[in-house]
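Asker:
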Amino acid sequence: MKLGVDITWMVGNYRGMGRFARQLIEPVSASVLGLAPSGVTATEWPCVSDGRGFFPWWEQVELPRLCEEHQLDYLLCPYNTGPLRSTGRTRLISVIHDLIFLQPWRVLPPARSPYQTLGRAYRRHVVPPLARRADVVLTVSRFTQRELVEQFGLSEHDVHVIPNSISDDWFAPPLSEAQRQPYLFTVAGEVPSKNVDRLLQAFALARPTLGEDVKLRIAGIKATYHDQFARRAAGLGLEGQVELLEFVSGQELKQHYRQARAFIFASLFEGFGIPLLEAMASGTPVACSNTTSMPEIVGESGLHFDPWSVDDMANQIRGIWSGGETFNARVRDGVERARLFSESTVAPSIRQFWERLQ
1 MKLGVDITWM
11 VGNYRGMGRF
21 ARQLIEPVSA
31 SVLGLAPSGV
41 TATEWPCVSD
51 GRGFFPWWEQ
61 VELPRLCEEH
71 QLDYLLCPYN
81 TGPLRSTGRT
91 RLISVIHDLI
101 FLQPWRVLPP
111 ARSPYQTLGR
121 AYRRHVVPPL
131 ARRADVVLTV
141 SRFTQRELVE
151 QFGLSEHDVH
161 VIPNSISDDW
171 FAPPLSEAQR
181 QPYLFTVAGE
191 VPSKNVDRLL
201 QAFALARPTL
211 GEDVKLRIAG
221 IKATYHDQFA
231 RRAAGLGLEG
241 QVELLEFVSG
251 QELKQHYRQA
261 RAFIFASLFE
271 GFGIPLLEAM
281 ASGTPVACSN
291 TTSMPEIVGE
301 SGLHFDPWSV
311 DDMANQIRGI
321 WSGGETFNAR
331 VRDGVERARL
341 FSESTVAPSI
351 RQFWERLQ
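Residue numbers for the sequence shown follow this note's numbering, so the first one is 1 and each next one is one higher.
1) Relative to the C-alpha of E156, which residue among N164, P163 and T144 is closest?
2) To the nearest angstrom, how far is it from the Cα of R330 to the Cα of S38?
3) For V346 and D333, I'd like the C-alpha separation in whole angstroms.
4) Does the distance from the CB of H128 to the CB of T117 come in under 8 angstroms?
5) Between the C-alpha atoms of R142 and P46, what's the straight-line distance to the nearest angstrom?
6) Would you report the Cα separation of V248 and R89, rounded to the nearest angstrom?
7) Could you tell me which of L200, R146 and P163 sits nearest to F353, measuring between CA atoms?
8) Would you call the CB atoms of F269 and Q151 closer than 8 angstroms?
9) With C-beta atoms as the reference, is I274 less than 8 angstroms away from L245?
10) State buried or exposed for R12, treating a residue as buried only when at least 16 other CB atoms are found within 10 Å of its CB.
11) Quick check on this structure: which residue in M1, A30 and L24 has the alpha carbon closest to the alpha carbon of M10?
12) Which ranges does the alpha helix (DSSP H) cover as unbroken runs of at least 4 residues, wholly within the stretch 298–343, from first to last along the chain?
13) Do V159 and V149 have their C-beta atoms closer together than 8 angstroms?
14) Determine whether the beta carbon atoms of P83 and P64 lie at a separation below 8 angstroms.
15) Can you have a look at Q241 and say buried or exposed, based on whether 16 or more other CB atoms are within 10 angstroms of its CB?
16) In the structure shown, what three-state DSSP assignment does G16 receive?
17) Would you mind listing the alpha helix (DSSP H) stretches within the stretch 123–165 that are 4+ residues and don't spill past its ends, in chain order?
18) Leaving out five residues on either side along the sequence, give the residues of the same chain with a beta carbon under 7 angstroms from the beta carbon of R123.
19) For E270, does the three-state DSSP call read helix, strand or coil?
20) CB R337 to CB G283, shorter than 8 angstroms?
21) Can you find the residues in the same chain that come closer than 8 angstroms, C-beta to C-beta, to R132, ignoring five residues on each side of it along the sequence?
22) What residues in its chain sit with their C-beta under 6 angstroms from that of S301, if we drop five residues either side in the sequence?
23) How many angstroms separate the CA atom of R15 from the CA atom of S165?
24) My assumption, with CB atoms under 8 angstroms, is that L33 sits in contact with L72. Please give the rounded CB distance.
25) Give me the Cα-Cα distance between P56 and C288, rounded to the nearest whole angstrom.
26) Assign K194 to one of two classes, buried (16 or more other C-beta atoms within 10 Å of its C-beta) or exposed (fewer than that).
27) Considering only residues of the same chain and omitting the five flanking positions on each side of F327, which have a CB-CB separation below 7 angstroms?
28) Quick one: give me the first and last residue of the beta strand (DSSP E) that D6 is part of.
29) List in chain order: all unbroken alpha helix (DSSP H) runs of 4+ residues lying wholly within the stretch 151–230.
30) Identify which residue in V137, D311, A262 and K2 has its Cα closest to the Cα of Q179.
31) If you measure between the beta carbons of A36 and L92, is that distance less than 8 angstroms?
32) Just to check my reading of the structure: E190 and R106 have Cβ atoms closer than 8 angstroms, yes? What is that Cβ distance to the nearest angstrom?
33) So, helix, strand or coil for Y79, using DSSP?
34) With distances taken Cα to Cα, identify the nearest neighbour of A30 among V40, M17, E44 and R19.
35) Report yes if the C-beta distance between I221 and A188 is below 8 angstroms; otherwise report no.
The structure is reproduced here in structure tokens:
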């Protein structure tokens, strides 16, 4: 098998989709030919760096051209999108992580970033026909599988599910309650779907019952937007009580999870929700939204709330803050749940996926 892989977002400071793609191709790495625009390369696989990097052009024009030139058996497009043009005899594997971009604009307003809003508009145009024309469709949760079947008329049998996974080295012995620091942790972002404004409101409501020294620590919001969220926090009476982190390394991120008293995830829509795995594997009690894929990931190990309701979210923040035997049970249950998504647990599903294609 000769497998072409779009490695554009699998190199450098790659994030969730790039990490999933790397895990996905690990069993067949000897068959991989990396494809990237000019100037982008990697050392892990043989690479062809050729073509303009403007993403729609790269994806819709350059990738089909490279498929024919290199006579690839498969092309893997791992970023929630892919080429609509024919790739000749090359079969297309499309990874569709979520359909969040299809939410109506009145439900999910445009992002603060024009780049992110344009990306959403691009996917709204590309993904529906792509899902129907791809030879293989892969997704990361049963929830998104159902969405693909219901919205695009696909067969459930034809939509493969391989969940995101977490490295086994996340599973260190959890810190005791006494070793924790008095902060509520979240990993979010500036886009409206991450629901940070309602989280700030809920924290302001809950905080008087949590203690004067309790803080909300937020990772993942780009520094460009910190001032906007800091002003919003101050307007809610939270000046000095909300910490917006700059870029943190992987090791630092693990410490933020492990030392937190609890983890809160207020997102409106998720195709999976990797931070939930990271928190549970770290032994930190979790409260999260009761929408989309999140209950599927957390199961009964965490608390759930309506992310559109500030009052409900505040109530669950108070609940997840409780200690004693309840705290210990949530730590234990969360770690056990996260092990279902460890790399060693998910690896056989990945191998079986490739065996079926060869």
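Here a beta-carbon is modelled for each residue, glycine too, at the ideal position from N, C-alpha and C.
Answerer: Let's see:
1) Closest option to E156, Cα to Cα, is T144.
2) Put simply, the backbone Cα of R330 is about 49 angstroms away from that of S38.
3) In a straight line, the C-alpha of V346 is about 19 angstroms away from that of D333.
4) According to the sequence provided, residue 128 is Pro. The question's His does not apply to it. No, these two residues do not count as a Cβ contact at 8 angstroms.
5) Rounded to whole angstroms, the separation of the alpha carbons of P46 and R142 is 34 angstroms.
6) Each residue's CA atom was taken as its position, placing V248 and R89 some 43 angstroms apart.
7) Closest option to F353, Cα to Cα, is P163.
8) Cβ atoms of F269 and Q151: not closer than 8 angstroms.
9) Not closer than 8 angstroms, so no.
10) In the sequence on display, residue 12 carries Gly and not Arg. Exposed is the call here.
11) The shortest Cα separation from M10 among M1, A30 and L24 belongs to L24.
12) Listed in chain order, they are 310–320 and 325–339.
13) When the beta-carbon positions are compared, V159 and V149 come within less than 8 angstroms of each other.
14) Yes, these two residues count as a Cβ contact at 8 angstroms.
15) Looking at its Cβ environment, which holds 16 or more other Cβ atoms inside 10 Å, Q241 is buried.
16) Here G16 sits in helix by DSSP.
17) Annotation note: the stretch 123–165 contains the following uninterrupted alpha helix (DSSP H) runs of length 4 or greater, listed N- to C-terminal: 142–152.
18) Contacts found: N80, T81 and F101.
19) When secondary structure is reduced to three states using DSSP, E270 falls in the coil class, being assigned neither helix nor strand.
20) Cβ distance not < 8 angstroms, so R337 and G283 don't count as in contact.
21) Cβ contact annotation for R132 (same chain, cutoff 8 angstroms, sequence separation greater than five): F152, G153 and L154, in chain order.
22) Cβ within range, chain order: D333, G334 and R337.
23) Rounded to the nearest angstrom, the two C-alpha atoms are 13 angstroms apart.
24) Confirmed, Cβ separation roughly 7 angstroms.
25) Rounded to the nearest angstrom, the two C-alpha atoms are 34 angstroms apart.
26) By the neighbour-count rule (16 or more Cβ atoms within 10 Å), K194 is buried.
27) Result list for F327: E177 and P285, in chain order.
28) Element bounds for D6: L3 to D6.
29) Runs of the alpha helix (DSSP H) inside the stretch 151–230: 196–210.
30) When each option's Cα is compared against that of Q179, the closest is A262.
31) Cβ atoms of A36 and L92: not closer than 8 angstroms.
32) No, E190 and R106 are not in contact; Cβ-Cβ is about 20 angstroms, not under 8 angstroms.
33) Annotated three-state conformation of Y79 is coil, per DSSP.
34) A check of alpha carbon separations from A30 across V40, M17, E44 and R19 identifies E44 as the nearest.
35) Contact: yes.
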